[in-house]
Amino acid sequence: MSYQKKSKYRYEEEFQIVFSSLLLRQKKLLDAYQKRKMAKENLDIADKEFHEAINFANSNESENPNNLAMKLKVNI
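Heads up: the sequence shown begins at 5 in my numbering, then just goes up one per residue.
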């Protein structure tokens, strides 16, 4: 296999990892936002979970999507 093909596959794999991680972080943020929006009582708890989701998304910028899914308990 030529260098160009190896390089192409490597970049496709890296893109897939980054994109999957982005989608998982986005899902966590969206879930927390919707939970916060629907909260009628215990707004403090909903706000805390929302800010935890923001911190989680910001702290795992380049993490493998499988590891993120395990932390989020999501099936990919």
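Glycine included, C-beta positions come from ideal geometry on N, C-alpha and C.
ask   = Buried or exposed: L28, going by 16 or more other Cβ atoms within 10 Å of its Cβ?
value = Position 24 of the sequence shown holds residue 28. When all chains shown are included, L28 counts as buried.
message = Let me confirm a value: S11 is counted as buried when at least 16 other C-beta atoms fall within 10 Å, else exposed. Which label applies?
response = Along the sequence shown, read from residue 1 onward, the residue named residue 11 stands at position 7. Exposed is the call here.
inquiry  = Let me make sure I understand the geometry here. Which of S25, Y13, I21, R14 has the alpha-carbon closest to that of F60?
reply    = Locating residue 60 in the sequence shown gives position 56, where the first residue counts as 1. With distances taken between Cα atoms, F60 lies closest to S25.
inquiry  = Pop quiz: A36 and E17 are said to be a contact at Cβ under 8 angstroms. What is the actual Cβ separation, rounded to whole angstroms?
reply    = For this step, residue 36 is matched to residue 32 along the sequence shown. For this step, residue 17 is matched to residue 13 along the sequence shown. A36 to E17, Cβ: 29 angstroms. No contact.
Residue environment, K32, which counts as buried when at least 16 other CB atoms sit within 10 Å = Locating residue 32 in the sequence shown gives position 28, counting from the first residue. Burial call: buried.
Residue span of the alpha helix (DSSP H) that contains A61, given as start and end = Numbered from its first residue, the sequence shown carries residue 61 at position 57. A61 -> alpha helix (DSSP H) spans 47-63.
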